[in-house]
Ligand code: HEM
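Now the structure itself:
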């Protein structure tokens, strides 16, 4: 925990990013409460419906925008959350850095793939 | 610094196995486990949205999997995990604002999370199964 004078001035603590990580985990959590509830209720309404109904729902402009917001909040939140878990349990430096990079990469790719699919459905509808 | 942290008589906190399992600690580890389970569950979300983008046959494949026994089992688990993590997440957010931290309140909200997550899961499945074949 030795803190250099510069580090002390910056006031970012030993994790070097201040409260930003913690704060974004809360911001995404708050956003996910209405977004996931809306999503679950909507998807329950789509159970047993034909393809056109599902594509029509996702392709609705308002729905597309909220789905993209949900995807961003979900993968941002999951990335931050898994990062904390990795930091708690993985202590070998190389393994830790590799895991953290892999988690970040996967969350980014999955978010990008979801957003791309939503846009495809929305723009082809 | 070193002299503070390396004293030979420094008291050690007891190892995890020493503690008796309690509602509060069980709920805490469950929050972490459900968070990780949900992260894995996003794969199905991505698969589902991708399939809708790819067309009706691809969506049929997803639906076939989701209506299999394994699919239903996984969806049951993920739906419970979502409701649990959501409700317990709200409990966390209240704590972050400094509310509900007293032992009695923490137990009461803990039991509310357990009951609420079961209730919401049952309601969600009753609604979903009511739509099958409609
Ligand atoms: C639905 C609304 C959600 C709320 C209100 C919520 C809330 C929270 C909160 C407050 C934390 C921090 C807990 C702590 O400080 O110990 C957290 C952690 C976490 N969340 Fe969520 N979350 C939600 C959805 C999700 C989803 C959809 C995922 C996965 C894709 C997820 C994955 C995680 C993970 C992996 C952690 C880290 C667990 C830990 O550090 O022990 N959460 N969540």
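Protein chains in written order, with this note's numbering: chain A, 400 to 524; chain B, 2 to 135.
Beta carbons: idealized from backbone N, C-alpha and C, even for Gly.
Please read these numbers as outputs of a predicted model, since none were measured by experiment.
#1: Look up residue 40 of chain B in the DSSP assignment and say whether it is helix, strand or coil.
#2: Does the segment 473 to 483 of chain A come close enough to the segment 442 to 452 of chain A to have 3 or more Cβ pairs within less than 8 Å?
#3: Using a Cβ-Cβ cut-off of 8 Å, state whether residue 494 of chain A counts as contacting chain B.
#4: In whole angstroms, what is the alpha-carbon distance linking residue 523 of chain A and residue 470 of chain A?
#5: Looking at the secondary structure, which residues open and close the alpha helix (DSSP H) in which residue 448 of chain A lies?
#6: Please determine, among B:64, B:92, B:98, B:99, the residue with the shortest C-alpha to C-alpha distance to residue 29 of chain B.
#7: Can you list, in chain order, the residues of its chain whose CB lies under 8 Å from that of residue 25 of chain B, leaving out five sequence neighbours each side?
#8: If you measure from the beta carbon of residue 35 of chain B to each beta carbon in chain A, is any gap under 8 Å?
#9: Run through DSSP, which three-state label would residue 20 of chain B get?
#10: Please check the pair residue 78 of chain B and residue 38 of chain B, which I expect to be a contact at CB under 8 Å, by giving their CB distance rounded to whole angstroms.
#11: Looking at the structure shown, is residue 99 of chain B part of a helix, part of a strand, or coil, going by DSSP?
#12: Output needed for residue 67 of chain B: all residues of its chain with C-beta closer than 7 Å, excluding positions within five of it in sequence on either side, in chain order.
#13: Which term fits residue 84 of chain B, buried or exposed, when burial requires 16 or more other beta carbons within 10 angstroms of its beta carbon?
#14: Would the C-beta of residue 476 of chain A count as close to ligand 1, meaning under 7 Å from any of its heavy atoms?
Checking against the coordinates, here is how it stands:
#1: DSSP, read as helix, strand or coil, puts residue 40 of chain B in helix.
#2: With the cut-off at 8 Å, the segment 473 to 483 of chain A and the segment 442 to 452 of chain A do not touch.
#3: no
#4: 20 Å
#5: Element bounds for residue 448 of chain A: n/a, residue is neither H nor E.
#6: B:92
#7: 107, 108, 111
#8: False, the Cβ-Cβ gap to chain A never drops below 8 Å.
#9: The answer is coil: DSSP assigns residue 20 of chain B none of H, G, I, E or B.
#10: 7 Å
#11: coil
#12: 76
#13: buried
#14: Yes, the Cβ of residue 476 of chain A comes within 7 Å of a heavy atom of ligand 1.
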